[in-house]
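J.: In the working numbering, the protein residues as written are 12 to 204.
Can you read through this structure? Questions will come right after.
In structure tokens form, the structure reads like this:
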């Protein structure tokens, strides 16, 4: 008799394993809903962290541009020293902030991003030497990153950007926007010759 109950129980357990009750569906639905909500929050977190990364890079770029600006020659030695000390202090404080959002890339995207960063680093150096002369080149690069641009573009730069991962394309455009804003601000604050 004990063996018969065990056999019946096993068959009943087997049926229970393959049938889904209403309660199980509700629990599963709630768990999936929680995962969906967390996924949305993760995306918001990544976007906010990316914005912080770009803000940090923008501030460092502005500080380096200021430190190497030819406009410092118009300041007295004391003012120049004070500006350099303050800028260096701000650079050091900015470097204490460490934000990192990793983007998954294939080798082609990695290579393209490296080439784009090299181009942008080179134009940043040139801007430090002569802001006005390199503004137009920077604008060509920016236009190459914008889908609805009406101005001229740099086709070679655009080809490089297109090879990058989508997240990197957004970061490149934001970096260029930041450089343009910095230049426009510097242009407004420069003494007229």
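Cβ coordinates follow ideal geometry from the N, Cα and C atoms, glycine included.
Out of 182, 154 and 195, which one is the CA nearest neighbour of residue 144?
T.: The candidate whose alpha carbon is nearest that of residue 144 is 195.
J.: Given this structure, state the Cα-to-Cα distance separating residue 51 from residue 161, to the nearest angstrom.
T.: Near 34 angstroms, if we compare the C-alpha coordinates of residue 161 and residue 51.
J.: By the 10 Å Cβ neighbour count, where 16 or more other Cβ atoms means buried, how is residue 111 classified, buried or exposed?
T.: Flag for residue 111 reads exposed.
J.: Using 10 angstroms around the beta-carbon of residue 186, count the other beta-carbons present and answer buried if the total reaches 16, otherwise exposed.
T.: That one is buried.
J.: Rounded to the nearest angstrom, what separates residue 169 and residue 64 at their Cα positions?
T.: Taking the straight line from one Cα to the other gives about 23 angstroms.
J.: Would the beta-carbon of residue 174 fall within 9 angstroms of that of residue 122?
T.: Yes, the Cβ-Cβ distance between residue 174 and residue 122 is below 9 angstroms.
J.: Compute the beta-carbon to beta-carbon distance between residue 180 and residue 156, rounded to the nearest angstrom, for a pair I have assumed lies under 8 angstroms.
T.: Sure, about 7 angstroms apart at Cβ, within 8 angstroms.
J.: Does the structure place the segment 84-97 close enough to the segment 124-142 that three or more beta carbon pairs sit under 8 angstroms?
T.: The segment 124-142 vs the segment 84-97: no contact.
J.: When DSSP labels each residue in this structure, what does residue 176 get in the three-state scheme?
T.: Three-state result, residue 176: coil.
J.: With 16 as the cutoff for other CB atoms within 10 Å, does residue 165 come out buried or exposed?
T.: Its Cβ being crowded by 16 or more others within 10 Å, residue 165 is buried.
J.: Quick check on this structure: which residue in 124, 115 and 70 has the alpha carbon closest to the alpha carbon of residue 104?
T.: The shortest C-alpha separation from residue 104 is found at 70.
J.: Measuring CB to CB, does residue 102 end up less than 9 angstroms from residue 74?
T.: Cβ distance < 9 angstroms, so residue 102 and residue 74 count as in contact.
J.: With respect to the alpha helix (DSSP H) encompassing residue 85, which residues constitute its N-terminal and C-terminal limits?
T.: Unbroken run through residue 85: none, as it is neither H nor E.
J.: Nearest by alpha-carbon distance to residue 177: which of 48, 115, 46 and 67 is it?
T.: Selected option, being the one with the closest Cα: 115.
J.: Just the C-alpha distance for residue 127 and residue 172, rounded to the nearest angstrom, thanks.
T.: In a straight line, the C-alpha of residue 127 is about 7 angstroms away from that of residue 172.
J.: Return the first residue and the last residue of the alpha helix (DSSP H) that residue 145 is part of.
T.: Residues 142-156.
J.: Does the Cβ of residue 80 have 16 or more other Cβ atoms within 10 Å, making it buried, or fewer, making it exposed?
T.: Its Cβ being crowded by 16 or more others within 10 Å, residue 80 is buried.
J.: Quick one: what does DSSP say residue 164 is sitting in, helix, strand or coil?
T.: In the structure shown, residue 164 sits in coil (DSSP, three-state: anything other than H, G, I, E or B).
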